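Enquirer:
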Amino acid sequence: MRRNNGWTPRFLALNSQSMAILKIARMGHPVLRKVAQPLSDPAAPGVIGLIRDMVETMEDANGAGLAAPQVHISARVVVFQAPEDRSEAPDVDPGDGEEAFDHTAELTVLINPEIEFLSEDRELGMEGCLSVPGLRGLVPRCPHIRYSGYNEKGEHFVREARGFHARVVQHEVDHLDGILYLQRMEDMGALMFESEMKHYIQAEDAQDAVSEERSE
Ligand code: NI
C-alpha cells in the first residue's frame with residue numbers, strides 16, 4: 135500500500151496499554167540507514183505507547199538515548215536522559231568498563247526535532263550506540279546547540295544544550311537521518327571495544343600528565 139503523506143505507522147494500530155521491551159536493530163539493518171518520516175500528529179493516540187516502549191527499551195539496555203529507527207520504526211521520535219549539568223562524557227567505572235547511566239535524570243521526548251548549531255567548534259567525545267554493541271569511538275560534535283521539537287503531549291518546545299547533553303541530541307537526531315556515529319568519526323584509530331576503554335583512558339591520562347609536566 136502506498137503511504138499517504140509518508141506516514142502510516144505500524145504502531146498506531148497496536149495501541150497497547152502494556153509496556154514492552156523492543157528488539158533493537160543493529161548496524162547493517164536497513165532501517166538504520168533510512169531517513170525517518172516526521173509525525174504528522176505528535177499527540178496522536180499510539181505515539182505515547184511507542185514512547186513508553188522506547189523508554190523501557192532504553193533503560194533495559196542501559197542507554198542514554200534511543201531513536202525510533204533503532205526499534206525498527208522509521209519515525210522522527212527520540213527519547214534520551216541527559217543530566218542538564220553534565221558537560222562531559224559519562225564516567226567510566228575502571229573496574230569493568232561499563233558506563234552507568236543515570237536514569238533518574240530528566241527524560242526528554244523529542245518528536246520531529248530540529249537542531250541549530252550555536253558554535254563553530256567541534257569537540258571530541260566518546261560515544262557508543264545500542265545499535266553498535268560493544269564499541270566506543272571518539273566523535274566530533276558541536277558543543278553548543280539549540281534544539282526544538284514536540285513533546286509527547288504535542289507541545290512545541292525549544293531548548294539550548296551544551297556538552298554531553300548537546301552530544302546526545304546530535305547522536306540521536308543523526309539516527310533519524312540514517313547516520314551512525316561511526317560515520318562521523320574522523321580517526322578510525324579512535325574506535326575501540328568497550329572492554330578496552332579503561333586501557334585507552336589510562337594511556338590518555340598518562341599522556342596528559344606528561345604534557346602537563348612539559349607545559350609547567
Ligand atoms: Ni545510537
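My numbering puts the sequence shown at residues 135 to 350. In this text, a Cβ means the ideal position worked out from N, Cα and C, and glycines have one as well. Treat the numbers as computed from the prediction; the structure is a model and nothing was measured.
Which residues bound the alpha helix (DSSP H) around I249?
Expert: Counting along the chain, I249 falls outside any alpha helix (DSSP H), though it belongs to the beta strand (DSSP E) covering 241-251.
Enquirer: For P164, which of helix, strand or coil comes out of DSSP?
Expert: helix
Enquirer: Is A209 near D187, with beta carbons less than 8 Å apart?
Expert: no
Enquirer: Mind reading off the beta-carbon distance from G271 to Y315? Whole number of angstroms is fine, and I expect it under 8 Å.
Expert: 6 Å
Enquirer: On a Cα-Cα basis, can you pick out the residue from I313, E261, R296 that is closest to H163?
Expert: I313
Enquirer: Confirm the yes/no value for this check: CB of C276, any heavy atom of the ligand NI, distance under 7 Å.
Expert: No, the ligand NI has no heavy atom inside 7 Å of this Cβ.
Enquirer: Between which two residues does the beta strand (DSSP E) harbouring R270 extend?
Expert: Here the beta strand (DSSP E) through R270 covers 269-275.
Enquirer: Taking R159 as the reference, give the member of I207, G262, L269 with the closest Cα.
Expert: In the sequence under discussion, the amino acid at residue 159 is Ala, which differs from the Arg named in the question. A159 has its Cα closest to that of I207, out of I207, G262, L269.
Enquirer: Can you grab the Cα-Cα spacing for the pair V212 / L184, in whole Å?
Expert: The alpha-carbon atoms of V212 and L184 are separated by roughly 10 Å.
Enquirer: Would a check of beta-carbon distances place R280 closer than 8 Å to chain B?
Expert: The structure shown contains no chain B, having only a single protein chain.
Enquirer: Would you give the residue range spanned by the beta strand (DSSP E) that Q304 belongs to?
Expert: Run containing Q304: none in the beta strand (DSSP E); it sits in the alpha helix (DSSP H), 297-310.
Enquirer: So does L264 have its beta carbon nearer than 7 Å to some heavy atom of the ligand NI?
Expert: yes
Enquirer: Under the three-state reduction of DSSP, which class applies to I279: helix, strand or coil?
Expert: In the structure shown, I279 sits in a strand (DSSP, three-state: E or B).
Enquirer: Could you tell me if the beta carbon of H206 falls within a distance shorter than 7 Å of some heavy atom in the ligand NI?
Expert: no
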